[in-house]
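Comments concern the structure below.
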Amino acid sequence: MVNIIRVFHSYSGENCKLKKKDLKELINSQMSSFVKQVQDTHTLDVIFSDLDANYDREIDFSEFAALVAMVTSACHVSFHEMQ
Ligand SMILES: [Ca+2]
1 MVNIIRVFHS YSGENCKLKK KDLKELINSQ MSSFVKQVQD THTLDVIFSD
51 LDANYDREID FSEFAALVAM VTSACHVSFH EMQ
C-alpha cells in the first residue's frame with residue numbers, strides 16, 4: 001500500500017493529481033507488465049476519462065485507486081489461469 005502511494009506521488013507532483021501525460025508515464029513505466037503499453041492517444045483518452053470520476057481533467061488518488069483495483073483484479077484472474 002505504501003509503495004502504491006509512493007508511486008502515485010512520484011508522478012503526481014505536489015498537487016497530488018495526475019494529468020494525462022503523468023498517467024501515461026505511470027502506466028507505461030510502472031504497470032507495463034499488466035496494462036498494455038499506452039502508446040496511442042485514443043487509448044489514453046479512454047482510460048483517462050473512465051478514471052476521471054469528477055471530470056476535473058486530473059486523476060486524484062481515489063480515482064487512481066480504481067485503476068489499481070482493476071489491474072489487481074485482472075492479475076488475480078491471470079493468476080488462476082496460469083495454475
Ligand atoms: Ca478527477
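With the numbering used here, the residue at position 55 of the sequence shown is 55, and numbering never jumps. Just so it is clear, CB atoms sit at the ideal spot from N, CA and C, and this is done for glycine as well.
| Item | Value |
| --- | --- |
| Bridge-paired residues (DSSP) for residue 59 | 18 |
| Counted within 10 angstroms of its Cβ, other Cβ atoms place residue 14 as buried (16 or more) or exposed | exposed |
| For residue 27 and residue 76, the rounded distance between their alpha carbons | 18 Å |
| N-terminal and C-terminal residue of the alpha helix (DSSP H) that residue 46 is part of | 41-51 |
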